[in-house]
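Peer 1:
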Amino acid sequence: MTKLFVFDTNSLISAAILPDSVSGRAFFSAVEKGLLLISEETLEELKSVISRKKFDKYLPKRSDRSVFIDSLWAASLKVAPNISITDCRDPKDNKFLELAVSA
Numbered sequence: 001m002t003k004l005f006v007f008d009t010n011s012l013i014s015a016a017i018l019p020d021s022v023s024g025r026a027f028f029s030a031v032e033k034g035l036l037l038i039s040e041e042t043l044e045e046l047k048s049v050i051s052r053k054k055f056d057k058y059l060p061k062r063s064d065r066s067v068f069i070d071s072l073w074a075a076s077l078k079v080a081p082n083i084s085i086t087d088c089r090d091p092k093d094n095k096f097l098e099l100a101v102s103a
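The sequence shown: position 39 = 39 (the working numbering), numbered continuously.
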C-alpha cells in the first residue's frame, strides 16, 4: 500500500528554502517513500505565501519558486476534499486535515 503524505505550507516552504532542515528531510523522504497529496486550495496558499517579499533573500529567483511549485504539482496526487473540518485552532489549517481525510 502506498504511503500518503500531506505537508502544510510552512513545511513546504521550509523544504524549498532549507532542504537539510527537518521539514526538508521529511519532505524529500516522503517523495521517495510515497505520494504527496495536494489540493487546489493548498496549492493556492503555497503560491501566495512563497511569493511574499520576505522570502526574496532565500529564494531570490522567482523561477526557483515556480520550479518548486510546478514540480510539487506534477509529483502530487490531486485531491478535491469532500469533507468539511473545523477542528483546528487556526481555521486556515482545516484545509490540510480535509485533504488528508478525503484521500
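Glycine is no exception: its CB is placed at the ideal position from the N, C-alpha and C atoms.
1. If you measure between the beta carbons of T42 and F96, is that distance less than 8 angstroms?
2. Count the C-beta pairs between the segment 42-51 and the segment 25-34 that are closer than 8 angstroms, then say yes if the count reaches three, no if not.
3. With a threshold of 16 other CB atoms inside 10 Å of the CB of T9, please say whether the residue is buried or exposed.
4. Enumerate in chain order the residues of its own chain whose CB-to-CB distance from L77 is below 6 angstroms, with the five nearest sequence positions on each side excluded.
5. Out of D20, A103, V22, D56, state which residue places its alpha-carbon closest to the alpha-carbon of A80.
6. Beta carbon of V31, beta carbon of A75: below 8 angstroms?
Peer 2: To lay it out plainly:
1. Your numbering for residue 42 matches position 42 in the sequence shown. Your numbering for residue 96 matches position 96 in the sequence shown. Their beta carbons are under 8 angstroms apart, which means T42 touches F96 by this criterion.
2. No, they do not touch.
3. Taking the first residue of the sequence shown as 1, we reach residue 9 at position 9. Flag for T9 reads buried.
4. As a position in the sequence shown, residue 77 is number 77, starting the count at 1. If we look at L77 and ignore the five residues flanking it on each side, its Cβ neighbours are L35, L37.
5. As a first step, residue 80 is located in the sequence shown; it is residue number 80 there, counting from the start. Ranking the options by Cα distance to A80, first place goes to A103.
6. Here residue 31 refers to the residue found at position 31 of the sequence shown. Here residue 75 refers to the residue found at position 75 of the sequence shown. In this structure, A75 lies closer than 8 angstroms to V31 by Cβ.
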